[in-house]
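Student:
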Amino acid sequence: MKIITVIGARPQFIKAAAVSRKLRRVCDEIIIHTGQHYDNNMSDIFFKQLGIPEPDYNLNVGSGSHAKQTADMLCGIEGILLKEKPEYLLVYGDTNSTLSGALAASKIHIPVIHIEAGLRSFNMRMPEEQNRILTDHLSSLLFCSTDTSVNNLFNENIRENVFLSGDVMCDAVLHYSNNMKDSYLSEVISSLNGIYRKDNDIKRYYLATIHRAENTDDINKISEILGAFEKLDFPVIMSVHPRIRKMVDELNSEKNYKNIYFVEPVGYLEMLCLTKNAEKAVTDSGGLQKEAYILDTPCVTVREQTEWTETLDGNLNILAHPDEKDILDKILSTKIDFSKKKDHYGKGNAADIICDIINKHWSE
Ligand code: UD1
Ligand code: UDP
Numbered sequence: 016m017k018i019i020t021v022i023g024a025r026p027q028f029i030k031a032a033a034v035s036r037k038l039r040r041v042c043d044e045i046i047i048h049t050g051q052h053y054d055n056n057m058s059d060i061f062f063k064q065l066g067i068p069e070p071d072y073n074l075n076v077g078s079g080s081h082a083k084q085t086a087d088m089l090c091g092i093e094g095i096l097l098k099e100k101p102e103y104l105l106v107y108g109d110t111n112s113t114l115s116g117a118l119a120a121s122k123i124h125i126p127v128i129h130i131e132a133g134l135r136s137f138n139m140r141m142p143e144e145q146n147r148i149l150t151d152h153l154s155s156l157l158f159c160s161t162d163t164s165v166n167n168l169f170n171e172n173i174r175e176n177v178f179l180s181g182d183v184m185c186d187a188v189l190h191y192s193n194n195m196k197d198s199y200l201s202e203v204i205s206s207l208n209g210i211y212r213k214d215n216d217i218k219r220y221y222l223a224t225i226h227r228a229e230n231t232d233d234i235n236k237i238s239e240i241l242g243a244f245e246k247l248d249f250p251v252i253m254s255v256h257p258r259i260r261k262m263v264d265e266l267n268s269e270k271n272y273k274n275i276y277f278v279e280p281v282g283y284l285e286m287l288c289l290t291k292n293a294e295k296a297v298t299d300s301g302g303l304q305k306e307a308y309i310l311d312t313p314c315v316t317v318r319e320q321t322e323w324t325e326t327l328d329g330n331l332n333i334l335a336h337p338d339e340k341d342i343l344d345k346i347l348s349t350k351i352d353f354s355k356k357k358d359h360y361g362k363g364n365a366a367d368i369i370c371d372i373i374n375k376h377w378s379e
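Written out as structure tokens, the structure reads:
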């Protein structure tokens with residue numbers, strides 16, 4: 016059995032780290048990297064650090080408008096599918112790389128496997144919501160992280176070949192955070208690449224990432240968010256996604272933030288360590304919300320809705336508007352009830368479940 020996996024953005028490399036090695040026990044896997052993310056610290060670092068197999072193809076599409084990026088990926092993927100003739104095409108999540116892979120394959124009748132299927136925000140303005148709905152409706156095997164996702168698919172009449180597998184990012188968190196020594200934190204903090212200054216004496220801190228279009232399309236929202244960070248009781252370590260780098264430069268030169276330590280994106284192991292030890296995570300990242308939940312770090316999500324609704328129980332995760340006062344209130348005044356926490360994302364064996372089901376489907 017030959018399977019082509021399409022990946023291209025940071026969270027997909029981490030998902031592939033959990034799945035690829037196991038998938039290779041049941042099939043010949045060919046990896047296409049679309050090139051959606053291409054900076055060393057957004058791409059290569061994950062392949063090296065997590066031992067992800069080298070991509071067989073790199074389309075090098077780079078950045079661009081949604082249409083241009085998606086179209087370039089579609090053409091590139093189609094050519095490889097026609098040449099390689101795989102039995103399945105596998106995609107993760109909801110990026111433009113996900114949709115391009117699913118569309119290219121389904122048009123030429125190659126069955127699509129979607130991992131992290133059924134996720135919904137019910138906000139059709141999000142490019143991710145468009146990508147995930149289309150991908151789910153084009154897929155032949157759908158692996159869901161949670162019951163909520165299974166129900167979402169059921170409500171859209173997708174009821175066959177839908178499997179509750181658990182979450183492959185949970186596999187990665189449990190695998191890579193296991194045996195992480197306490198002393199690793201000071202090593203990580205001193206290795207951070209500060210954008211404007213070098214601070215390596217940080218002990219208690221909040222961890223932040225912001226990159227979603229809904230927040231980054233308006234510099235006033237970023238200004239509100241950073242305004243809240245500036246007033247917090249502990250410093251904020253903020254991993255700056257390249258999408259907001261220019262805005263951060265502009266705002267920092269005007270406001271000269273003292274409480275925010277802006278750093279270049281870090282590797283996955285460093286990120287897990289920073290998440291595990293943070294007072295709270297403050298983010299709009301899907302992956303970080305889940306990782307914080309799994310690692311018992313409370314989270315404030317700067318969004319109007321979340322797909323990962325299970326994390327909201329007991330206020331382990333809480334939504335905030337991109338508004339300075341609301342963010343400060345949510346970070347400083349929320350009561351958290353850890354007794355509400357459950358293993359919503361599985362036990363760390365989602366990749367095994369997925370690979371067994373794919374193998375069985377193929378053998379039948
Ligand atoms: C994409 C996904 C988003 C996911 C995120 C993970 C889509 C529509 N969005 O958003 O769902 O949460 O990845 O991080 O697919 N850039 C660089 N270097 C890079 C990559 C990007 O400088 O290596 C800059 C470019 O200016 C680019 C911008 O970041 O235009 C946005 O990148 P893009 O991949 O289009 O979207 P993300 O915001 O990363
Ligand atoms: N991440 C990382 N380094 C960073 C920031 C994030 O390794 O500097 C990891 C994070 O731990 C999570 C994933 O990247 O596993 C999330 O990716 P991102 O926030 O870019 O996308 P999303 O999950 O929102 O789609």
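Letter by letter, the sequence shown follows residues 16 to 379 in the numbering used here.
Each residue gets a CB set at the ideal place from its N, CA and C atoms; glycine is no exception.
1) For GLU294, which option in LYS37, ILE252, VAL263 has the closest C-alpha, if you only look at C-alpha atoms?
2) What span of residues does the beta strand (DSSP E) with ALA296 cover, start to end?
3) Going by CA-CA distance only, name the one from VAL263, PHE249, LYS362 that's closest to MET184.
4) Taking 7 Å as the cut-off, is the beta-carbon of SER78 closer than that to any non-hydrogen atom of the ligand UD1?
5) Going by DSSP, which residues form a beta bridge with ASP43?
6) Sorry if obvious, but does the Cβ on GLU322 come closer than 7 Å to a heavy atom of the ligand UD1?
7) Please state the DSSP three-state secondary structure of ILE309.
8) At what residue ranges does the region 93-151 contain a whole run of the alpha helix (DSSP H), taking only runs of 4 or more?
9) Let me check you understand the geometry: is the CB of THR298 closer than 7 Å to at least one non-hydrogen atom of the ligand UD1?
10) Which residue from ASP162, ARG135, PRO101 puts its Cα closest to that of THR150?
11) Given a cut-off of 8 Å, decide if GLY94 and LEU381 are closer than it, judged by their beta-carbon atoms.
12) Helix, strand or coil: which one does DSSP assign to HIS48?
13) Given a cut-off of 8 Å on the beta-carbon distance, is the pair HIS129 and SER164 in contact?
14) Give the DSSP-derived three-state secondary structure of GLU254 in the structure shown.
15) Does the separation of the CB atoms of ALA296 and LEU207 fall below 8 Å?
16) Do ASP54 and PRO257 have their beta-carbon atoms positioned less than 8 Å apart in this structure?
17) State the beta-bridge partners of THR321 as determined by DSSP.
18) From VAL278 to GLU144, what distance separates their C-alpha atoms?
19) With a 10 Å radius around its C-beta and 16 neighbouring C-beta atoms as the bar for buried, classify HIS48 as buried or exposed.
20) Which residue's Cα is closest to the Cα of VAL255: ILE225, TYR272, LYS356?
21) Hey, ILE275 and LEU303: beta-carbon distance below 8 Å or not?
22) Put THR316 into one of helix, strand or coil per three-state DSSP.
23) By the 10 Å Cβ neighbour count, where 16 or more other Cβ atoms means buried, how is HIS81 classified, buried or exposed?
24) With ARG318 and ARG227 assumed to form a contact (beta carbons below 8 Å), what rounded beta-carbon distance in angstroms separates them?
25) Under 8 Å, Cβ to Cβ, is there at least one residue of chain C near ILE210?
26) Residue range of the beta strand (DSSP E) that ILE210 falls in?
27) Just to confirm the assignment: which complete alpha helix (DSSP H) runs, minimum length 4, are found wholly within the region 192-249?
28) Helix, strand or coil: how does DSSP classify TYR272 here?
29) Whose CA, out of GLU239, ASP87, MET88, lies closest to the CA of ASP341?
30) At 4 residues or longer, and completely inside the region 154-198: list those alpha helix (DSSP H) runs for me, N to C.
31) Please state if the CB of GLY50 and the CB of GLY79 are separated by a distance shorter than 8 Å.
32) Per DSSP, which residues does VAL278 bridge with? Please list them.
33) Who are the near neighbours of GLY133 in its chain, counting only those whose CB is closer than 7 Å to its CB and skipping five residues on each side?
Tutor: Taking the structure as given:
1) ILE252
2) 296-298
3) LYS362
4) yes
5) LYS17
6) no
7) helix
8) 111-122
9) no
10) ARG135
11) No information on residue 381 is available, as it lies outside the stretch 16 to 379 that the chain covers here.
12) strand
13) no
14) Per the sequence presented here, residue 254 reads as Ser, with Glu not at that position. Here SER254 sits in strand by DSSP.
15) no
16) yes
17) The partner list for THR321 (beta bridge, DSSP) is empty, contrary to what the question assumes.
18) 29 Å
19) buried
20) ILE225
21) no
22) strand
23) exposed
24) 7 Å
25) Absence of chain C from the displayed structure is noted, only one protein chain being present.
26) Taken as a continuous stretch (DSSP letters only), ILE210 belongs to no beta strand (DSSP E), as it is neither H nor E.
27) 199-206, 228-231, 234-245
28) coil
29) GLU239
30) 162-170, 183-192
31) no
32) GLY209, SER254
33) ASP151, LEU157, CYS159, SER164, VAL165, ASN167, LEU168
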